[in-house]
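Okay, structure first, notes after.
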Amino acid sequence: MKKIYDTIIVGGGLSGLCTASRLNAENPKHNLIILEKNQQAGGCIQTHHEQGYIAEIGPHGFLDNCDESKSLMAEAGLDREVVTAPLIDFVRYVYLNGKLNLIPQTPLKIIKAPLIPWPDKFRVLLDLFRPPLEGQPTVAKWVEYRFGKAILPYMDAALTGTYAGDYERLKIDAVMPGVRNLERKHGSVIKGAMARIRAARKKNNRKKLSMPAMTSFPKGMQYLTDKLAKPFAESGTLQTGVEAVKLEKADNFWQVEAQNGQVFQAANLAVALPVNKSLPLIKQIDHNMPVEAIPEARIVTVVFGYGPEASLPPGFGFLVPESEKRFILGTLFSSNMFPGRAPDGHIVFETFIGGRRHPERAELDDQELIMRAEREVTEILDLPGKPLYSKVLRTAWGIPQLEDQAAELLAWKKSLEARE
Numbered sequence: 006m007k008k009i010y011d012t013i014i015v016g017g018g019l020s021g022l023c024t025a026s027r028l029n030a031e032n033p034k035h036n037l038i039i040l041e042k043n044q045q046a047g048g049c050i051q052t053h054h055e056q057g058y059i060a061e062i063g064p065h066g067f068l069d070n071c072d073e074s075k076s077l078m079a080e081a082g083l084d085r086e087v088v089t090a091p092l093i094d095f096v097r098y099v100y101l102n103g104k105l106n107l108i109p110q111t112p113l114k115i116i117k118a119p120l121i122p123w124p125d126k127f128r129v130l131l132d133l134f135r136p137p138l139e140g141q142p143t144v145a146k147w148v149e150y151r152f153g154k155a156i157l158p159y160m161d162a163a164l165t166g167t168y169a170g171d172y173e174r175l176k177i178d179a180v181m182p183g184v185r186n187l188e189r190k191h192g193s194v195i196k197g198a199m200a201r202i203r204a205a206r207k208k209n210n211r212k213k214l215s216m217p218a219m220t221s222f223p224k225g226m227q228y229l230t231d232k233l234a235k236p237f238a239e240s241g242t243l244q245t246g247v248e249a250v251k252l253e254k255a256d257n258f259w260q261v262e263a264q265n266g267q268v269f270q271a272a273n274l275a276v277a278l279p280v281n282k283s284l285p286l287i288k289q290i291d292h293n294m295p296v297e298a299i300p301e302a303r304i305v306t307v308v309f310g311y312g313p314e315a316s317l318p319p320g321f322g323f324l325v326p327e328s329e330k331r332f333i334l335g336t337l338f339s340s341n342m343f344p345g346r347a348p349d350g351h352i353v354f355e356t357f358i359g360g361r362r363h364p365e366r367a368e369l370d371d372q373e374l375i376m377r378a379e380r381e382v383t384e385i386l387d388l389p390g391k392p393l394y395s396k397v398l399r400t401a402w403g404i405p406q407l408e409d410q411a412a413e414l415l416a417w418k419k420s421l422e423a424r425e
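Residue 296 in the working numbering is what sits at position 291 of the sequence shown, and the numbering runs on without skipping anything.
Given below as structure tokens:
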């Protein structure tokens, strides 16, 4: 017998759980069902605990400058349990020319910093006079056009931290729509940024003028999804081990068939899956889908723990542009960011390997990854001796790369949502 629900949510990761939480907050009588393929909800949010060290397999936190996330924390009763690392208080580094270089935190400090020669700093100002670049340029092409070649390593490092991607393939309109809009609206990114600052000051909007904080929980990010999932699991709303394999719509109802033969019907449907998991399912109802899949960047994390004899520079960590020809992509100073990530007196940091340019590195065995990562971080951070703890964390997913056909995919997504 088919049971009819108000809403079916396919996917019990953070997106699916947030959707369910919001529907439940708006109407506690809303009859919904969450279908999750894995035996545990949470999706890519997973926290690793071992020997007193805490590391993240997925995201390390979220920024606190989003009203939706603040509302979610309050609704879930988590707003008083968060720990924060204000970005303004935590410096970041880029590994360039064989050493760690502090990334300035304000525009004035960027101008004064010796990272870029003065002729290249003047080249940045040409942004004030260059017309918007037409078409769908890559990030590398757009940055060089507006600001010059000297900025490329810094943008490369930034996109390594966000996408583990290749800025010569990522599309600027897809990965940085905000700065692209400033360019189009004001004719210059610098002019647009200054206009935004003036508008915020005029409205006395401290939120837009201040830097946000990275936010997590004492036990790690998985605490969030565990907390969100608990009431739905207890009520039977969350069904784990149930994979949606067939999707169709008839008589104004959505019908989802699971791999175990169960059939679910609802007036509303939310597909809350990673893009390459959702596309094969959605293709069953829309044969005009522009792509079958998009590229992903797979990374592995190598966690290192050291005793009191070792120390880390202040700050969040460092990123490495491709031009440095290093094995690692960067390192996050986990024990600097949030308290309790390592035993008392110890430090822990997470080093990332692989990415869009070097997927073969993510396939190396654990011993090889630990050996090569340890060698590089020991040199870069001047660490004494051997680590007390090391662990390789692997994921079953990659980071979606918004490259060719990204614009078509996003336009199709909007049209599908509007139509359905």
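Don't be surprised by glycine CBs; every beta carbon is placed ideally from N, CA and C.
Item to check | Same chain only: Cβ atoms within 6 Å of T245, ignoring 5 sequence neighbours per side | outcome: E41 and Q44
Checklist entry - Hey, would you say H357 sits closer than 9 Å to T383, going by beta carbons? => result Per the sequence presented here, residue 357 reads as Phe, with His not at that position. No, these two residues do not count as a Cβ contact at 9 Å.
Item to check | Minimum C-alpha distance to D370 - residue among L334, V305, I404 and D387 | outcome: V305
Next on the checklist: With a threshold of 6 Å on Cβ separation, who are the neighbours of S193 within its own chain once the five nearest residues in sequence on each side are excluded?
Outcome noted: D132 and L133
Item to check | Outcome for L68 when other beta-carbon atoms lying within 10 angstroms are tallied against a minimum of 16 | outcome: exposed
Checklist entry - Near L324, which residues of its chain fall below 8 Å by C-beta distance, leaving aside the five closest residues on each side in sequence? => result R97, Y98, V99, Y100, A162, A163, T165, G166, L334 and G335
Item to check | Contact set for G320: own chain, Cβ-Cβ below 7 Å, skip 5 residues either direction | outcome: F95, V96, R97, Y98, F338 and N341
Checklist entry - Can you give the beta carbon distance from Q260 to Q270, rounded, assuming they're within the 8 Å contact cut? => result 5 Å
Checklist entry - Between L421, L243 and C49, which lies nearest to I287 when the distance is taken from Cα to Cα? => result L421
Checklist entry - Exposed or buried, what is M160 when buried is set at 16 or more other beta-carbons lying within 10 Å of its beta-carbon? => result buried
Next on the checklist: Nearest by alpha-carbon distance to Y150: which of K190, V129 and E55 is it?
Outcome noted: V129
Checklist entry - Can you tell me where the beta strand (DSSP E) with P91 in it begins and where it stops? => result V88 to P91
Checklist entry - H53 bridges to which residues according to DSSP? => result A60
Item to check | Alpha carbon of E80 to alpha carbon of L28, nearest angstrom | outcome: 12 Å
Item to check | Identity of the residues DSSP links to Y228 by a beta bridge | outcome: Per DSSP, none; premise fails for Y228.
Checklist entry - Using the C-alpha atoms, what's the distance from F127 back to S26? => result 50 Å
Item to check | Beta-carbon proximity check, Q406 vs I290, cutoff 9 Å | outcome: no
Checklist entry - Can you list, in chain order, the residues of its chain whose CB lies under 6 Å from that of D84, leaving out five sequence neighbours each side? => result M78
Checklist entry - Taking Cβ to Cβ, would you say G103 is nearer than 9 Å to E329? => result yes
Checklist entry - What whole-angstrom Cβ distance do L373 and R331 have, given they're in contact under 8 Å? => result Checking the sequence, you will find Glu at residue 373 rather than Leu. That belief does not hold up - the Cβ atoms of E373 and R331 are roughly 16 Å apart, past 8 Å.
Next on the checklist: The beta strand (DSSP E) that contains S395, what's its start and end?
Outcome noted: Y394 to L398
Item to check | Separation of M219 from S74, as counted between CA atoms | outcome: 12 Å
Next on the checklist: Need the endpoints of the beta strand (DSSP E) that E262 sits in, please.
Outcome noted: F258 to A263
Checklist entry - For K8, does the three-state DSSP call read helix, strand or coil? => result strand
Checklist entry - M181 and V144: beta carbons closer than 9 Å? => result yes
Item to check | Residue range of the unbroken alpha helix (DSSP H) whose run includes K207 | outcome: V194 to K207
Checklist entry - What separation, rounded to the nearest whole angstrom, lies between the Cα atoms of F309 and H363? => result 22 Å
Checklist entry - So, helix, strand or coil for M181, using DSSP? => result coil
Next on the checklist: Once the 5 residues before and after F258 are set aside, which same chain residues still bring their CB inside 8 Å of it?
Outcome noted: I9, Q270, A271 and A272
Checklist entry - Start and end of the beta strand (DSSP E) containing V382? => result Element bounds for V382: not the beta strand (DSSP E) but the alpha helix (DSSP H), D371 to L386.
Next on the checklist: Taking the alpha-carbon of Q227 as reference, which of L37, I404, I14 and H65 has the nearest alpha-carbon?
Outcome noted: H65
Checklist entry - So the beta strand (DSSP E) R97 belongs to, where does it begin and stop? => result R97 to L101
Checklist entry - By Cβ distance below 6 Å, which residues in the same chain neighbour L105 in space, the five residues on each side in sequence not counted? => result Y98 and F323
Next on the checklist: Suppose the cutoff is 7 Å on Cβ atoms and the five residues either side in sequence are ignored; what does the same chain contact list for D11 look like?
Outcome noted: H35, N36, L37, A271, A272 and N273
Checklist entry - Looking only at DSSP bridge pairs, what is E41 linked to? => result T245
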